[in-house]
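Visitor: Okay, handing you the structure first.
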Ligand SMILES: Nc1ncnc2c1ncn2[C@@H]1O[C@H](COP(=O)(O)OP(=O)(O)OP(=O)(O)O)[C@@H](O)[C@H]1O
Ligand SMILES: [Mg+2]
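Protein chains in written order, with the numbering used here: chain W, 1 to 275; chain B, 1 to 280.
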């Protein structure tokens, strides 16, 4: 793997009590009047693997897009205490974002797609292509640098999308139901590969999903959300150690946590509108 | 991490005489129909002894084309010049204005209605004015052809610039891309297929605009494109020559359409669905 060592730059452990990102009373009301998210308080420490789990329409994407800075909260604050800030005081965390669709430039090769964030930063061509090739190799796509998205399978396109998110060596990777459109076998493989990269690299992940099983398999912590208005109903920890593999998937412990989370999700759905 | 083994393998394309096999029927069938129609025309005219000044048979038209080729080819050259100049100006202006529209909603709101006015005004109605105002008759013809060719490029490109996947727009925002970067690396490439299909429509329209304007200019105008030849031949009752000029106009239109289609295919073949070869 070229450039492997640089991709695996493990960030220094955060001082205790200083999360990577802290959400305080975050609320989002869209112009249409929909209250999509209400009263979210959430600390995400460095190195965390957090899933946002909830039924469709409960505001998972809205919350994720607020963390990404793509939309502003209507009230409440989102602080990045450990990240650099620009002259106007706005936080400049290094973000990677993976959408539900691969969202690639169809006119660019896999390599150019993976190199896009670096190109926008103004990095010289040879340097950014080296790094993009490293990121592609990291997601198992060595040899496909010159291939266009059209000629890649759905799973491979998603891998390019992940390589693009990783190429800037982000502090935090935000993923919005990234594997929802894939078949189960491909999804399992991508789950394993994602965990492997996360363990090696040590960035933080916020992973949106509506699959109980996927969230339990991947995360250290699960925020169970409820709809109307969207809110975090409960947090569930998954104590199992990493690395996790097929053995974990079939263990009694996994089944037990899935049960707990399913019950929490069921309650969240049943209580909807009550708050 | 393990490599991926779900790579689709490209299928080799079967070729006959350098062209993909499934392309041949698309070339041969129209030619066959054309040949049959010409044969029927020739036979019908001869069998019914239709006079040449009413409807000449294809053989006589062909003879007229060969005989008058020196003067007709000069006219063809002039018509082609006007058409292409108008198309190039329309493409450049349409693209530039569309980019301007994409940069500012206000500019679009204030100017787009006038582009529509330009589009809906019949060219025959304003051609006389333009010919009066503009001294140089060729320039006047060029302006007429430009007016007709301009709108499809403008409206298609505007549509293309605005129909970018909004997730990609978000991605560019996330990486703090400048407006210029977003335009160059995202909006313009995404608008490319729209621009090219606009260009393809405008190619034919530019030719029509050039011909129509020359008809309006009439024999009084000092231009001598193909439309002038048709008028001239009409006054002299040289009906085969009229048909020969008409034939050249049709041929030019078809050639423009095919050439721009080829441009479209070459520019987009690597990524866009419209340029994908259909399998099977
Ligand atoms: N741009 C918008 N304008 C107005 N309302 C919106 C907008 N985006 C989302 N909403 C509304 O906000 C609520 C939460 O939407 P959001 O997309 O965050 O849910 P989600 O949990 O991601 O759902 P899904 O699992 O279906 O993706 C929904 O009721 C939705 O209709
Ligand atoms: Mg969503």
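All residues carry an ideal CB built from backbone N, CA and C; glycine is no exception.
1) Please state the DSSP three-state secondary structure of residue 237/W.
2) Assuming residue 215/W and residue 51/W form a contact by the criterion Cβ under 8 Å, report the distance between their Cβ atoms to the nearest whole angstrom.
3) Please look up how many angstroms separate the CB atoms of residue 195/B and residue 61/B, rounded, as I've assumed it's under 8 Å.
4) What's the call for residue 121/B, buried or exposed, on a 16-neighbour Cβ count within 10 Å?
5) Which residue's Cα is closest to the Cα of residue 267/B: 157/B, 255/B, 192/B?
6) What are the start and end residues of the alpha helix (DSSP H) that includes residue 27/W?
7) Does the Cβ-Cβ distance between residue 256/B and residue 204/B come in under 8 Å?
8) Please determine whether the Cβ atom of residue 62/W lies at a distance below 7 Å from any heavy atom of ligand 1.
9) With a floor of 4 residues, list each alpha helix (DSSP H) that falls wholly inside the stretch 54–129 of chain W, ordered by position along the chain.
10) Output yes or no for whether 8 Å exceeds the beta carbon distance between residue 53/W and residue 223/W.
11) In chain B, which residues lie with their C-beta within 7 Å of the C-beta of residue 103/W?
12) Does the stretch 202–216 of chain B come into contact with the stretch 19–30 of chain B, if we say contact requires no fewer than three beta-carbon pairs (one atom in each stretch) closer than 8 Å?
13) List the endpoints of the continuous alpha helix (DSSP H) containing residue 276/W.
14) Check this for me: beta carbons of residue 209/B and residue 156/B, under 8 Å apart or not?
15) Do residue 21/W and residue 67/W have their CB atoms nearer than 8 Å?
16) Bridge partners of residue 226/W, per DSSP?
17) On the three-state DSSP scale, how would you describe residue 50/W?
18) Could you check whether the Cβ of residue 171/W sits closer than 7 Å to any heavy atom belonging to ligand 4?
19) Suppose the cutoff is 7 Å on Cβ atoms and the five residues either side in sequence are ignored; what does the same chain contact list for residue 119/W look like?
20) What residues in the stretch 112–142 of chain W have a beta carbon less than 8 Å from any beta carbon of chain B?
21) Determine which residues of the stretch 56–89 of chain W have a Cβ less than 7 Å from any Cβ of chain B, and write them out in chain order.
22) Would residue 177/W and residue 209/W qualify as a contact pair, given that the criterion is a beta-carbon distance under 8 Å?
23) Would the beta-carbon of residue 165/B be found less than 7 Å away from any heavy atom of ligand 2?
24) Hey, residue 174/B and residue 99/W are a contact pair by Cβ (cut 8 Å); roughly how many whole angstroms apart?
25) Just confirm the distance between the C-beta atoms of residue 202/B and residue 153/B, as a whole number of angstroms; I'd bet it's less than 8 Å.
26) What in chain W is Cβ-close to residue 181/B, meaning under 8 Å?
27) Does residue 177/B get closer than 8 Å to chain W when you measure Cβ to Cβ?
28) How about residue 125/W and residue 166/W: are their beta carbons less than 8 Å apart?
29) Does the beta carbon of residue 9/W sit closer than 8 Å to a beta carbon anywhere in chain B?
30) Please name the residue or residues paired with residue 40/W in a DSSP beta bridge.
31) What residues from chain W crowd round residue 188/B, counting only those whose CB sits closer than 9 Å?
32) Residues in its own chain within less than 6 Å of residue 14/B by CB, not counting five upstream and five downstream?
33) If I follow the unbroken beta strand (DSSP E) through residue 176/W, where does it start and stop?
34) I need the straight-line Cα distance from residue 236/B to residue 230/B, nearest angstrom please.
35) Should residue 136/B be labelled buried (16 or more other beta-carbon atoms within 10 Å of its own) or exposed?
Guide: Straight from the coordinates:
1) In the three-state DSSP reduction, residue 237/W falls in the strand class (E or B).
2) For residue 215/W against residue 51/W, the beta-carbon gap comes to about 4 Å, under 8 Å, which counts as contact.
3) So it is not a contact: roughly 38 Å between Cβ atoms.
4) Exposed: under 16 other Cβ atoms inside 10 Å.
5) Just measuring C-alpha positions, the residue of 157/B, 255/B, 192/B sitting nearest residue 267/B is 192/B.
6) First-last for residue 27/W: 21–29, but that is the beta strand (DSSP E), not the alpha helix (DSSP H).
7) Cβ distance < 8 Å, so residue 256/B and residue 204/B count as in contact.
8) Yes.
9) For the stretch 54–129 of chain W, the continuous alpha helix (DSSP H) assignments of 4+ residues that do not extend past its boundaries occur at 60–68, 110–121, in sequence order.
10) Residue 53/W is a Cβ neighbour of residue 223/W, given a cutoff of 8 Å.
11) 165, 167, 168, 171, listed in chain order.
12) Of all C-beta pairs linking the stretch 202–216 of chain B to the stretch 19–30 of chain B, fewer than three are shorter than 8 Å, placing the two stretches out of contact.
13) Summary: the structure shown does not reach residue 276/W, with chain W confined to residues 1 through 275, and so no result is reported for it.
14) No, they are not a contact pair.
15) The Cβ-Cβ distance between residue 21/W and residue 67/W falls below 8 Å.
16) Partner residues in the beta bridge of residue 226/W, as assigned by DSSP, are 231/W.
17) Looking at residue 50/W - three-state DSSP - the assignment turns out to be strand.
18) Of the ligands one can find in the structure shown, namely ligand 1 and ligand 2, none is ligand 4.
19) Cβ neighbours of residue 119/W within its own chain (closer than 7 Å, five residues either side excluded): 128.
20) Result list: 116, 117, 119, 120, 121, 138, 139, 140, 141, 142.
21) Taking 7 Å as the Cβ-Cβ cut-off against chain B, the residues of the stretch 56–89 of chain W that qualify are 68, 70.
22) Yes, these two residues count as a Cβ contact at 8 Å.
23) Incorrect: residue 165/B has no Cβ contact closer than 7 Å to ligand 2.
24) In fact, because the Cβ distance is near 10 Å, the residues do not count as touching under 8 Å.
25) Contact between residue 202/B and residue 153/B holds, since their C-beta atoms are separated by about 5 Å, short of 8 Å.
26) Those are 120, listed as they occur along chain W.
27) For residue 177/B, the answer is yes, since a Cβ of chain W falls inside 8 Å of its Cβ.
28) No, these two residues do not count as a Cβ contact at 8 Å.
29) Because residue 9/W sits at a pLDDT of 31, beneath the cut-off of 50, its placement in the model cannot be relied upon, and the following sentence gives the value as read from the coordinates. By this cut-off, residue 9/W is not an interface position.
30) According to DSSP, which records beta bridges pairwise, residue 40/W is partnered with 26/W.
31) Under a criterion of Cβ atoms nearer than 9 Å, no residue of chain W is adjacent to residue 188/B; the nearest Cβ is some 10 Å distant.
32) Here the set comprises 21.
33) Taken as a continuous stretch (DSSP letters only), the beta strand (DSSP E) holding residue 176/W covers 172–176.
34) Looking at the two C-alpha atoms, the distance is approximately 10 Å.
35) The residue in question, residue 136/B, is exposed, as its Cβ has fewer than 16 Cβ neighbours within 10 Å.
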